[in-house]
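**Q** This is the structure I want to talk about, given as structure tokens.
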Amino acid sequence: METESASCSHDLGANFVDPEIDDVGECEIVWEDLVLGERIGLGSYGEVYHADWNGTEVAVKKFLDQDFSGAALDEFKREVRIMRRLRHPNVVLFMGAVTRPPNLSIVTEFLPRGSLYRIIHRPHCQIDEKRRIKMALDVAKGMNCLHTSVPTIVHRDLKSPNLLVDNNWNVKVTLYWILDDN
Numbered sequence: 001m002e003t004e005s006a007s008c009s010h011d012l013g014a015n016f017v018d019p020e021i022d023d024v025g026e027c028e029i030v031w032e033d034l035v036l037g038e039r040i041g042l043g044s045y046g047e048v049y050h051a052d053w054n055g056t057e058v059a060v061k062k063f064l065d066q067d068f069s070g071a072a073l074d075e076f077k078r079e080v081r082i083m084r085r086l087r088h089p090n091v092v093l094f095m096g097a098v099t100r101p102p103n104l105s106i107v108t109e110f111l112p113r114g115s116l117y118r119i120i121h122r123p124h125c126q127i128d129e130k131r132r133i134k135m136a137l138d139v140a141k142g143m144n145c146l147h148t149s150v151p152t153i154v155h156r157d158l159k160s161p162n163l164l165v166d167n168n169w170n171v172k173v174t175l176y177w178i179l180d181d182n
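According to the UniProt record's numbering, the sequence shown is numbered sequentially starting from 1.
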């Protein structure tokens with residue numbers, strides 16, 4: 001059995017406050033630095049775009065509801081701090097956030113193969129057994145990272161549209177769900 005070579009940043013702090021990242025400005029992405037391309041997704045909480053950020057391909061989830069104020073804005077920033085600390089090869093990499101309305105957005109790595117849902121629902125999709133097992137293991141590793149973090153993160157929406165696949169067929173759990181209660 002293969003051992004996990006990468007670790008998950010587990011301790012997110014009891015109050016989610018770390019002096020080095022208490023100011024989410026450290027992960028602030030300026031909206032004007034993003035060049036939005038094709039819309040690649042639409043959900044009840046936002047639109048996801050393929051974009052360019054200073055020469056790097058990224059995915060940008062722009063929230064449909066931009067009326068974040070008071071407690072909702074504080075929660076948004078708290079969750080940005082959590083996402084910033086999570087690092088695991090099977091969790092989509094958080095790259096930053098646009099924290100100023102009217103463009104509140106989450107910026108993550110771009111995974112070119114798209115969602116596992118799209119892959120498995122293509123006509124004539126043939127994924128061999130070895131690859132399917134490896135993909136399932138990737139999902140389990142990503143979820144284990146979330147479940148063993150302190151505090152524990154419960155995904156609440158694990159399904160194939162929320163699993164993204166990179167060029168090497170590695171599967172990563174998305175964290176877009178984390179802000180869906182705002």
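Just so it is clear, CB atoms sit at the ideal spot from N, CA and C, and this is done for glycine as well.
Can you look up Ile-127 in the DSSP assignment and give me helix, strand or coil?
**A** Coil at Ile-127, not helix or strand.
**Q** List the DSSP bridge partners of Trp-169.
**A** DSSP, once it has assigned bridges, lists no residue as partnering Trp-169.
**Q** Output the boundary residues of the alpha helix (DSSP H) element that contains Asp-74.
**A** Note, Asp-74: alpha helix (DSSP H), 70-85.
**Q** Note the first and the last residue of the continuous alpha helix (DSSP H) segment covering Leu-36.
**A** Taken as a continuous stretch (DSSP letters only), Leu-36 belongs to no alpha helix (DSSP H), being part of the beta strand (DSSP E) at 34-42.
**Q** Report all residues from its chain with a CB closer than 7 Å to the CB of Leu-36; omit the five preceding and five following residues, and keep chain order.
**A** Hits under 7 Å: Tyr-49, Ala-51, Val-60.
**Q** Let me know the secondary structure DSSP gives Leu-116 once reduced to three states.
**A** Helix.
**Q** Excluding the 5 residues preceding and the 5 following Asp-33 in the sequence, name in chain order all residues of the same chain whose CB lies nearer than 7 Å to its CB.
**A** Correct list, in chain order: Trp-53, Asn-54.
**Q** What does a CB cutoff of less than 8 Å around Ile-21 pick up in its chain, not counting 5 residues either side in sequence?
**A** In this predicted model, Ile-21 has a pLDDT of only 38, less than 50, meaning its place in the structure is not dependable enough to derive any value.
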